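Step one of this worksheet: look at the structure below.
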Amino acid sequence: MRTRVREVPQETIPVELGERSYPIIIQRYLLRALGTELQRVGCSGKIGIVTDRNLAKHYLQLARRVLKAAGYHVIPIVLPPGERTKTLRTIATIMDVLVAEKFERASTLLALGGGVIGDITGFSAAIYQRGIPFVQVPTSLVAQVDSSVGGKTGVDHAKGKNLIGAFNQPRAVLIDPVTLETLPIREKIAGLAEVIKYGVIADEPFFRYLEHNMEAILALDEQAITRIVKRSCEIKAEVVAADEREADRRRILNFGHTIGHALEAIGGYRGLIHGEAVAIGMVCEADLARHLGYCSEEVVTRLQALVAKAGLPVQMPPMTFGALWTAMRQDKKVSSGTVYCVVPTQIGTVQVVPLEKQRVRAWFDGKRAPQRRKLANQLQGPGR
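Residue 874 in the numbering used here is what sits at position 89 of the sequence shown, and the numbering runs on without skipping anything.
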């Protein structure tokens, strides 16, 4: 008697960019079909798999096996993990491998990893021989719902995040939700910041779904994970199709990132990981919006409650206003010396506004005042 194999459904979301259009394909166990999917989007010849040491332990052997079976010549490029790998020095290392292995313009780079690997790989593909194809195979939640889609690639500078880079759209984004099962718990939770972001900027019903289903999402329930990945990709694809190079509408995707990127830079990319910084950034930027009169207290309360429910941080670490403002001014979202920020007007709707230093300082001082009073009371001790 033959055993019936359960058919695994596949979701396809198009990113409509004319001749640069590509599919986002979401399917459990998609890694086992990498060779077929790469053939489908026209990749041929050599495949350079860019990954990090942690991911290589889980998925490199499988990826090499299925790609070789499909007739590809596979070259692994294994890098150290973490945000501190996003440097021009790493790009030079990848260039050395591509030159040594005689990669050509028809060769392909495959990003097997999280957002760091995707950014590095896409930028390398953009500049090697003035451009070769690349494919995103995101394995982290933040990469699956956000950074793998849209063509933003690049590396960090000591003074700011993603200051060096290029727009470079992939041939395809191939998402296997099963890879989330090997994520460290901290990385899994951090990725939820970008998911929450989509609810705030574009979809209040999706935000409500997150409020009511966070326990299932944290438990990696199959249906819940597929839903949040799909809906996040749908929103990102729609925004990117409308504004590929961030001239207008795409800027709403930066909600939480003006302060979030500043927090990462202040910490030297050693403390908070990206999703944690964005989570704090979203709560702070919503609270700043309340202070400036753009939204109600209810917006801040709902957002902070959901961020906390996901297990993400909500409080800004200790720092001076000068440090924060200086880091915010180094961000690539600054235009003509003016810092711009995405602020919610209600859950599901945001706008981009310029920030005035003195008004931001007043908000910052107001947030710090209760903490300073609490610290003073603790230093005075009982009976004073």
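The C-beta atom is built at its ideal place from N, Cα and C for all residues, glycine as well.
Being a predicted model, the structure only gives us computed values, none of them experimental.
Helix, strand or coil for residue i, going by three-state DSSP, please let me know.
i     : result
C1126 : strand
S1081 : coil
V1138 : strand
S1017 : helix
P861  : strand
Q795  : coil
T821  : helix
G1151 : helix
V800  : strand
G833  : strand
I960  : strand
L1005 : coil
G1041 : coil
G950  : strand
Q929  : helix
Y1054 : coil
Y814  : coil
G945  : strand
T893  : strand
I1065 : helix
Q1131 : strand
V1099 : coil
Q1143 : helix
T906  : helix
D881  : helix
E1070 : helix
A1032 : coil
Q1115 : coil
T1105 : coil
G827  : coil
P784  : Lying outside 786 to 1169, the shown extent of the chain, residue 784 is not represented and no answer is given.
Please say whether residue j and residue i have beta carbons closer to each other than 8 angstroms?
i     : j     : result
V930  : I809  : no
V1127 : L1140 : no
L1088 : M1067 : yes
W1148 : L1073 : yes
V851  : R817  : yes
G775  : N947  : Nothing about residue 775 can be reported from this structure: the residues present for the chain run from 786 to 1169 only.
M1104 : I1065 : no
Q1008 : Y807  : no
L901  : K944  : Inspection of the sequence shows that residue 901 is occupied by Val rather than by Leu. Contact: no.
E868  : Y1054 : yes
V1063 : E966  : no
G751  : A975  : With the chain covering 786 to 1169 only, the question about residue 751 has no answer from this structure.
G984  : I1132 : yes
L1057 : E1049 : yes
S909  : I879  : yes
L845  : P861  : yes
A891  : G907  : no
R849  : V859  : yes
V800  : Q812  : no
I981  : A1095 : yes
F888  : Y913  : yes
Any idea if residue i is buried or exposed, counting beta-carbon neighbours within 10 angstroms, 16 or more meaning buried?
i     : result
G898  : buried
W847  : Checking the sequence, you will find Leu at residue 847 rather than Trp. Flag for L847 reads exposed.
H997  : exposed
Y814  : exposed
H1046 : buried
E804  : exposed
G820  : buried
G950  : buried
P1102 : exposed
T893  : buried
I798  : buried
T1043 : buried
E822  : buried
R874  : exposed
T964  : buried
D1150 : exposed
S829  : exposed
Looking at chain B, is there any beta carbon in it that lies within less than 8 angstroms of the beta carbon of residue i?
i    : result
A928 : Of the chains in the structure shown, none is chain B; there is only one protein chain.
In terms of DSSP beta bridges, what is residue i paired with?
i     : result
G898  : P923
S1120 : T1123
T938  : A951
I917  : None, per the DSSP bridge assignment.
P969  : DSSP output for P969 lists no bridge partner at all.
P808  : P799
| field | Cβ contact (3+ pairs, closer than 8 angstroms) linking the stretch 1000-1020 and the stretch 1100-1116 | value | Under the three-pair Cβ rule at 8 angstroms, the stretch 1000-1020 does not count as touching the stretch 1100-1116.
| request: Say whether the stretch 952-959 touches the stretch 831-839, bearing in mind that this needs 3 or more beta-carbon pairs closer than 8 angstroms, one atom from each stretch. | output: no
| message | Would you call the stretch 1028-1036 in contact with the stretch 988-999, where contact means no fewer than 3 C-beta pairs closer than 8 angstroms? | response | The answer is no - the stretch 988-999 does not touch the stretch 1028-1036, with fewer than three Cβ pairs under 8 angstroms.
| query | Any chance the stretch 1139-1153 sits against the stretch 959-974, with 3 or more Cβ pairs inside 8 angstroms? | reply | no
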